[in-house]
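Take the sequence shown: its position 391, counting from 1, is numbered 378 in our numbering, and each next residue is one higher. Idealized CB from N, CA, C, for every residue including glycine. On a predicted model such as this, the values are computed, not experimentally measured, just so you know. Below: one structure, written as structure tokens.
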Amino acid sequence: MSILQIDLGKFGEVLLKQEKNTAATFIRLHSDDNVLVALRDLKKAESLPGLPDIQLITSIRQGHKFAARDIAKGEHVIRYGQIIGSALRDIRAGEHVHVQNCGMDTHTQDYAFSSSSVALAPASETRTFNGFHRKDGRVGTRNYVGIITSVNCSGSVAKFIAQEAEKTDWFASLENVDGIVPITHSGGCGLGTDEEGYQTLFRTLTGYAQHPNFAAILLLGLGCEVMQIPDLVGQHRLNDSKLFDYMTIQDTGGTAKSVERGVSAIRDLATQANACTRQPAPVSKLVIGMQCGGSDGLSGITANPALGVASDLIVSQGGTTILSETTEIYGAEHLLTRRAASREIGEALIERIKWWEDYTARNGSEMDNNPSPGNKRGGLTTILEKSLGAVAKSGTAPLTAVYKYAEPLANRGFVFMDSPGYDPVAVTGQVASGANLICFTTGRGSVSGYQPTPCIKVSSSDDLYSRMGEDMDANCGDVVSQGVSLDHKGHELFELFIAVASGEKTKSESLGYGSVEFVPWHIGATV
């Protein structure tokens, strides 16, 4: 079979209508689509089985679109059964459809709040993983000791402490501690305590300080900064003196004395952390941050909808999945408002969309200053098209809550957390909110990690997996190359989640990633 059709009439309920172990040539994602997507490189003038009346006018690269029929200037271009733009000029059948002839269009959305919100049936079998149980009831997938800095000025000393501690014999003898993670950043001063930027950074730092993947925490400040250590200490489990300590460089007496005291504090904290061992926990304790970056034309066909299946499996177990990147659901938000568990939840999502429209306008930008050059080389033409593919990660579960960036999660199920589309910033927010696993789909390739949370990388194509397999944990390219079902790939990812949560290392962990990817969202002026 050379044509593959996916019906996305109800977005996320994806049915692959292809014979097993056959390679399709192109794909129609919805019966209303007037474009098709190439599943392999197609040559100019190549005849297309199943489309005898169409001959390709130009060569079409894998993941790129071509017209299924003549499209008149100004007519909507349809993919996924949704508007992704309009024709900038007349487009002939068989012609490449991309930035040269397709652009953004004015669009209005019918939000139809809660019109298709249907609860998932609970799983018939309760699954478990082996994790680290914390006093607050959460469960870690890793057992790190963290050094959280309040300000950029204490970042170097935090790294010095970690480096010196990791050289010691006592650290080498620890069997249950995964490592020491210094969390450093570029902020913490030069901002007002009443500003949104301060509140956002405060939520982020306290979220990391209370993260279940950290067994113990040393808070480290300079002393005179705006983001004061006493304010960060707060309540919750940070008041456990066996698992928490804090200090400032100024009060301790400078760099050398701070490193000496810090190493001593880390030894005490790590000794306590080492007493914690992996124990069975229900999958309902998993919180999966879902991300896509370096997306291409196949991301919304393979990796993202496969992750959507896995997301539904996590939710059916009582677990939590987080979708983010508000700028990359733009144009597809109506698919989420329909699934909102209540009108209020749907309206909260639209409030975030409107905030972003104002925020970008105030800063001389636009919501459709996307996709990136790499996305376009991979076949994505407009932000509407990119967003429709990105939303596929969310599966079909009801949307149960909308959170601000790095806000603590109070709901289980499928939730949304507001964030920019810049991957390190978005993931940092998800981890701060409590994600103990990250799943990151990519079509162009991604190299990053997010300590203390392991990151699972998923490739959208066989080509990417063959080139960057040492960075990829799973491949969804066989959905189009071999006809593997999305349901099968979703279950495969679900099992991978359990394995990684139980201690199996991801590729990014094995390669040593995670030391530079803590990137809090900077909002507002630095004064």
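Assigned exposure category for residue i - 16 Cβ within 10 Å defines buried
{"i": "Asp232", "result": "buried"}
{"i": "Asp449", "result": "buried"}
{"i": "Arg330", "result": "exposed"}
{"i": "Ala319", "result": "buried"}
{"i": "Gln87", "result": "exposed"}
{"i": "Glu82", "result": "buried"}
{"i": "Pro360", "result": "exposed"}
{"i": "Lys60", "result": "exposed"}
{"i": "Gln5", "result": "Low local confidence applies: a pLDDT of 38 at Gln5 is under 50, so the model's placement there is unreliable, with the coordinate-based value given in what follows. Flag for Gln5 reads buried."}
{"i": "Val503", "result": "exposed"}
{"i": "Thr242", "result": "exposed"}
{"i": "Asp238", "result": "exposed"}
{"i": "Gly50", "result": "buried"}
{"i": "Gln304", "result": "buried"}
{"i": "Ser497", "result": "exposed"}
{"i": "Thr93", "result": "exposed"}
{"i": "Arg76", "result": "exposed"}
{"i": "Asp40", "result": "exposed"}
{"i": "Gln42", "result": "exposed"}
{"i": "Pro267", "result": "exposed"}
{"i": "Pro199", "result": "buried"}
{"i": "Ile275", "result": "buried"}
{"i": "Glu523", "result": "There is no way to answer for residue 523, as the model of the chain reaches only from -12 to 514."}
{"i": "Arg431", "result": "buried"}
Those residues which DSSP pairs with residue i across a bridge
{"i": "Tyr437", "result": "Thr440"}
{"i": "Ile510", "result": "Answer is none; Ile510 lacks a bridge partner."}
{"i": "Leu206", "result": "Ile135, Tyr233"}
{"i": "Ala425", "result": "Per the sequence shown, the amino acid found at residue 425 is Ile instead of Ala. Ile425 is bridged to Gly276, Cys442."}
{"i": "Tyr390", "result": "Met404"}
{"i": "Asn462", "result": "Ser446"}
{"i": "Phe201", "result": "Tyr131"}
Inter-residue CB distance, residue i and residue j (contact presumed, cutoff 8 Å)
{"i": "Thr308", "j": "Phe401", "result": "5 Å"}
{"i": "Leu424", "j": "Phe505", "result": "Not a contact, Cβ separation roughly 17 Å."}
{"i": "Ile288", "j": "Ile71", "result": "The pair is not a contact, with the Cβ atoms about 14 Å apart (cut-off 8 Å)."}
{"i": "Glu394", "j": "Ser435", "result": "That belief does not hold up - the Cβ atoms of Glu394 and Ser435 are roughly 23 Å apart, past 8 Å."}
{"i": "Ser143", "j": "Gly175", "result": "Actually they are not in contact, since the Cβ atoms of Ser143 and Gly175 sit about 13 Å apart, beyond 8 Å."}
{"i": "Ser468", "j": "Leu285", "result": "Not a contact, Cβ separation roughly 10 Å."}
{"i": "Val336", "j": "Phe403", "result": "Going by the sequence as given, residue 336 is Leu instead of Val. That pair is a contact at about 6 Å."}
{"i": "Leu386", "j": "Ala461", "result": "Actually they are not in contact, since the Cβ atoms of Leu386 and Ala461 sit about 26 Å apart, beyond 8 Å."}
heavy atom of the ligand HEM below 7 Å from residue i C-beta
{"i": "Phe401", "result": "Within the structure as shown, the ligand HEM is missing, as the structure has no ligands at all."}
Beta carbon proximity, residue i to chain C, threshold 8 Å
{"i": "Val378", "result": "In the structure shown, chain C does not exist; there is a single protein chain."}
Quick check on the DSSP output: what are the complete alpha helix (DSSP H) runs of length 4 or more inside the segment 228 to 290, in order along the chain? Runs of the alpha helix (DSSP H) lying entirely within the segment 228 to 290, each at least 4 residues long, are 236 to 239, 242 to 261 in chain order.
Segment contact, 8 Å Cβ cut-off, at least three pairs: the segment 197 to 205 with the segment 133 to 141: Yes: at least three Cβ pairs fall under 8 Å.
For the segment 108 to 181, list the alpha helix (DSSP H) runs that are entirely contained and at least 4 residues long, ordered along the chain. Positions of the alpha helix (DSSP H) runs, each at least 4 residues long and wholly inside the segment 108 to 181, are given as 142 to 153, 156 to 159 in order along the chain.
For a minimum of 3 consecutive residues, which ranges assigned as the beta strand (DSSP E) are wholly contained in the segment 7 to 95? Runs found: 13 to 15, 22 to 25, 38 to 42, 52 to 54, 63 to 66, 69 to 74.
Pairs of beta-carbons, one from the segment 281 to 299 and one from the segment 142 to 150, closer than 8 Å: are there three or more? Cβ pair count under 8 Å is below three, so no.
Which ranges does the alpha helix (DSSP H) cover as unbroken runs of at least 4 residues, wholly within the segment 307 to 352, from first to last along the chain? The qualifying runs are 320 to 324, 330 to 349.
For the structure I just gave you, are there three or more beta carbon pairs, one from the segment 115 to 123 and one from the segment 478 to 489, closer than 8 Å? Yes, the segment 115 to 123 is in contact with the segment 478 to 489.
Does the segment 334 to 351 come into contact with the segment 251 to 260, if we say contact requires no fewer than three beta-carbon pairs (one atom in each stretch) closer than 8 Å? Contact between the segment 334 to 351 and the segment 251 to 260 is absent, because fewer than three Cβ pairs lie under 8 Å.
Take every Cβ of the segment 365 to 378, pair it with every Cβ of the segment 309 to 317, and state whether three or more of those distances are shorter than 8 Å. Of all C-beta pairs linking the segment 365 to 378 to the segment 309 to 317, three or more are shorter than 8 Å, placing the two stretches in contact.
Hey, is the segment 433 to 449 in contact with the segment 347 to 355, meaning 3+ C-beta pairs nearer than 8 Å? Taking a cut-off of 8 Å on C-beta distances, the segment 433 to 449 does not touch the segment 347 to 355, as fewer than three cross pairs fall below it.
Should the segment 53 to 65 be regarded as contacting the segment 12 to 25, the criterion being three or more beta carbon pairs within less than 8 Å? Touching, yes.
Quick check: the segment 180 to 192 against the segment 496 to 511, are there 3 or more CB pairs under 8 Å? The segment 180 to 192 makes contact with the segment 496 to 511, as at least three CB pairs between them are under 8 Å.
So does the segment 260 to 274 actually touch the segment 160 to 167, counting three or more Cβ pairs closer than 8 Å? These segments touch.
Meets three-Cβ-pair contact criterion under 8 Å: the segment 102 to 112 and the segment 188 to 201: Counting Cβ pairs under 8 Å, fewer than three are found: no touch.
Go through the segment 357 to 384 residue by residue and report every complete run of the alpha helix (DSSP H) that reaches 4 residues or more, in order. For the segment 357 to 384, whole alpha helix (DSSP H) runs of length 4 or above, ordered along the chain, are 360 to 364, 370 to 378.
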